[in-house]
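Below: the structure, in structure tokens.
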Amino acid sequence: EPAGTAPQRLSIFGSTGSIGCNTLDVIRHLGGRQSYEICAITGRDNIDLLARQAIECQAEIAVTANANRYQELKEALSGTGIEVAAGETALIEAAGRDIDWFMAGIVGMAGLAPTLAAIRTGADIALANKECLVSAGELFNREIEKGGGRLLPVDSEHNAIFQVFEDDQRHAIERIILTASGGPFRQRSLEDMATVTPDMAAAHPNWSMGLKISIDSASMFNKALEMIEAKHLFRMSADQVEVVVHPQSVIHSMVGYSDGSILAQLGAPDMRTAIGYCLAFPQRPSLPVERLDFAKLARLDFEAPDEARFPSLRLARQAMQAGGLSGAILNGAKEVALEAFIAGQVGFLEMADIVETVMQKLGAADMTSIDAVFEADGTARILAGEIVGSRTQRPLAT
Ligand code: NAD
Ligand code: MG
Numbered sequence: 003e004p005a006g007t008a009p010q011r012l013s014i015f016g017s018t019g020s021i022g023c024n025t026l027d028v029i030r031h032l033g034g035r036q037s038y039e040i041c042a043i044t045g046r047d048n049i050d051l052l053a054r055q056a057i058e059c060q061a062e063i064a065v066t067a068n069a070n071r072y073q074e075l076k077e078a079l080s081g082t083g084i085e086v087a088a089g090e091t092a093l094i095e096a097a098g099r100d101i102d103w104f105m106a107g108i109v110g111m112a113g114l115a116p117t118l119a120a121i122r123t124g125a126d127i128a129l130a131n132k133e134c135l136v137s138a139g140e141l142f143n144r145e146i147e148k149g150g151g152r153l154l155p156v157d158s159e160h161n162a163i164f165q166v167f168e169d170d171q172r173h174a175i176e177r178i179i180l181t182a183s184g185g186p187f188r189q190r191s192l193e194d195m196a197t198v199t200p201d202m203a204a205a206h207p208n209w210s211m212g213l214k215i216s217i218d219s220a221s222m223f224n225k226a227l228e229m230i231e232a233k234h235l236f237r238m239s240a241d242q243v244e245v246v247v248h249p250q251s252v253i254h255s256m257v258g259y260s261d262g263s264i265l266a267q268l269g270a271p272d273m274r275t276a277i278g279y280c281l282a283f284p285q286r287p288s289l290p291v292e293r294l295d296f297a298k299l300a301r302l303d304f305e306a307p308d309e310a311r312f313p314s315l316r317l318a319r320q321a322m323q324a325g326g327l328s329g330a331i332l333n334g335a336k337e338v339a340l341e342a343f344i345a346g347q348v349g350f351l352e353m354a355d356i357v358e359t360v361m362q363k364l365g366a367a368d369m370t371s372i373d374a375v376f377e378a379d380g381t382a383r384i385l386a387g388e389i390v391g392s393r394t395q396r397p398l399a400t
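Below you can see the structure in the form of structure tokens.
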């Protein structure tokens, strides 16, 4: 950074989560308040952490998405001069404040509306929230174009592809290859998978992440979302997006070119590399992440994904081919099924069943507007909720 440049002004949405905490850590390493000015940070239920973060980074405003926690946050920040707000409308207002860079680190569909508000400010968008592209696809891309900011992928696979995707050679790009760790049940039988608990599903072998994405990794719904995300981010057709299981998670993803070359990005499984790349882009920051030691690694393994045990991948391909609102439907149904699994209402394998039933019932419709996306998401959630309800009326097999 040349001396005398104004600090970049940032907002971090979902600052109390795994991505949010890693983002604040990267900022700390890159000079903290000397280099960056923090506009808004947001969380939902961890008010203590949100207040501590707001004080440490001297945020302009701290917002909790939970309207019932306003008073608590207000008290925690009294006398600091930091603005306090709560609820969904407040979140969208804060996202619309003038900034240079926005971290979309809220989990789930709840991240879409605030991210759209940030896009309209023209800020660069560091996108961790994959649900935005899965649900709103081309419309989200169109909003980015209108907004004028850059879309910087944070998801490790997409960040890897972004690093080796030669945009001026786009005509020579044949395919992108997403790597998947295979999760904790990579080698489990289908029979075993029927009885796993949320705790078992949340134990990711390589990455430390939030609860929902960790369980989605175990069902490979995370990879399913990432396939759809990749299609929209890199404007690929459904059959140009491949998945290979790579249990070590050292290769973060790859791009295949027409001369037979494959370019890959490798690194330790640490989200700070991807976050730092998005923050300093097009420069490379200096970060204290673990360096790969190839002698210690000794080997890298690969295998084809098993769609019989992981039907989520097949559902993603269907959604990519159908286009329109099918990504929103897949994601809405998946969020309800996932919450039901976490609550112990349905079994692990039932999640994909529920999503498939909802996708079949609702079919594919064109995406005419962002409102249509929210509507499809809502309809998918209601239908998935009904299926969960009908299944929990009978005793759960244990
Ligand atoms: P997390 O559960 O650790 O954190 C989620 C954040 O969102 C928290 O700040 C939480 O308070 C907030 N939040 C939750 N529900 C909300 C709601 N209804 N309204 C507003 N805010 C809400 O999740 P995470 O692992 O940090 O993941 C965040 C996003 O990034 C997800 O979309 C995930 O798929 C994606 N992602 C995460 C990782 C990772 O390493 N954790 C990697 C790639 C992509
Ligand atoms: Mg990922």
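Going by UniProt numbering, the residue at position 301 of the sequence shown is 303; the numbering climbs one at a time, nothing skipped. Glycine included, every Cβ here is placed at the ideal spot set by N, Cα and C.
Can you give me the Cβ contacts of residue i inside the same chain, cut-off strictly under 6 Å, excluding the 5 residues immediately before and after it?
i: M229; result: V243, A318
i: V247; result: A182, G184, E305, P307
i: I29; result: Y38
i: A382; result: I331, G334, A335, V360
i: S314; result: S221, M222, F223, A226, A354
i: A67; result: R46, L93
i: N24; result: M273, R274, I277
i: N208; result: S183, S251, P271
CA-CA distance, residue i and residue j?
i: I121; j: D194; result: 44 Å
i: E341; j: F350; result: 11 Å
i: E309; j: M322; result: 16 Å
i: I179; j: E85; result: 44 Å
i: A374; j: S137; result: 10 Å
i: residue 401; j: S328; result: Past the edges of the chain, shown from 3 to 400, lies residue 401, and the structure says nothing about it.
i: A232; j: E377; result: 23 Å
i: Y279; j: I215; result: 21 Å
i: L32; j: A282; result: 9 Å
i: Q320; j: F104; result: 32 Å
i: I101; j: G89; result: 21 Å
i: S13; j: P186; result: 34 Å
i: A61; j: I49; result: 15 Å
i: A204; j: P287; result: 31 Å
i: G34; j: L135; result: 30 Å
i: I21; j: D170; result: 31 Å
i: G380; j: L213; result: 23 Å
i: P200; j: L289; result: 33 Å
i: Q285; j: R188; result: 37 Å
i: S239; j: I175; result: 12 Å
i: K298; j: G81; result: 52 Å
i: G110; j: P249; result: 25 Å
i: I40; j: Q347; result: 40 Å
i: I57; j: S210; result: 26 Å
i: S255; j: D303; result: 14 Å
With a 10 Å radius around its C-beta and 16 neighbouring C-beta atoms as the bar for buried, classify residue i as buried or exposed.
i: F296; result: exposed
i: I277; result: buried
i: Q267; result: buried
i: I264; result: exposed
i: H234; result: buried
i: T91; result: exposed
i: G262; result: exposed
i: E133; result: buried
i: E388; result: exposed
i: G19; result: buried
i: T44; result: buried
i: Q165; result: buried
i: G391; result: exposed
i: E147; result: exposed
i: F15; result: buried
i: L114; result: buried
i: E337; result: buried
i: Q395; result: exposed
i: A87; result: buried
Going by beta carbon distance, what residues of the same chain come within less than 8 Å of residue i, once the five residues before and after it are set aside?
i: V291; result: G269, A270, D272, R274, T275
i: P4; result: Bear in mind that the predicted position of P4 carries a pLDDT of just 47, short of 50, making it unreliable; the figure below should be weighed with that in mind. Cβ neighbours of P4 beyond the five flanking positions: none.
i: D27; result: R274
With a threshold of 8 Å between beta-carbons, can residue i be considered close to chain B, or not?
i: R190; result: The chain labelled as chain B is not found in the depicted structure, where only one protein chain is given.
Spatial neighbours of residue i within its chain, please: C-beta separation below 7 Å, excluding the five flanking residues on both sides.
i: K363; result: L385
i: G151; result: I121, G124, A125, D126, I127
**Report entry** Three or more C-beta pairs below 8 Å linking the stretch 72 to 80 and the stretch 39 to 56
**Finding:** yes
Query raised in the report: So which residues touch the region around the ligand MG, with touch meaning a C-beta under 6 Å from any heavy atom?
Result: D157, S158, E159, E228
Requested in this report: Could you tell me whether the stretch 363 to 379 touches the stretch 132 to 142, using the rule of 3 or more Cβ pairs below 8 Å?
Outcome: When Cβ pairs closer than 8 Å are counted between the two stretches, the stretch 363 to 379 is seen to touch the stretch 132 to 142, the count reaching three or more.
Report task. Please confirm if the stretch 118 to 136 is in contact with the stretch 84 to 98, defined as three or more CB-CB distances below 8 Å between the two stretches. Result -> yes
Query raised in the report: Can you find at least 3 beta carbon pairs, one from the stretch 148 to 163 and one from the stretch 128 to 136, that sit closer than 8 Å?
Result: yes
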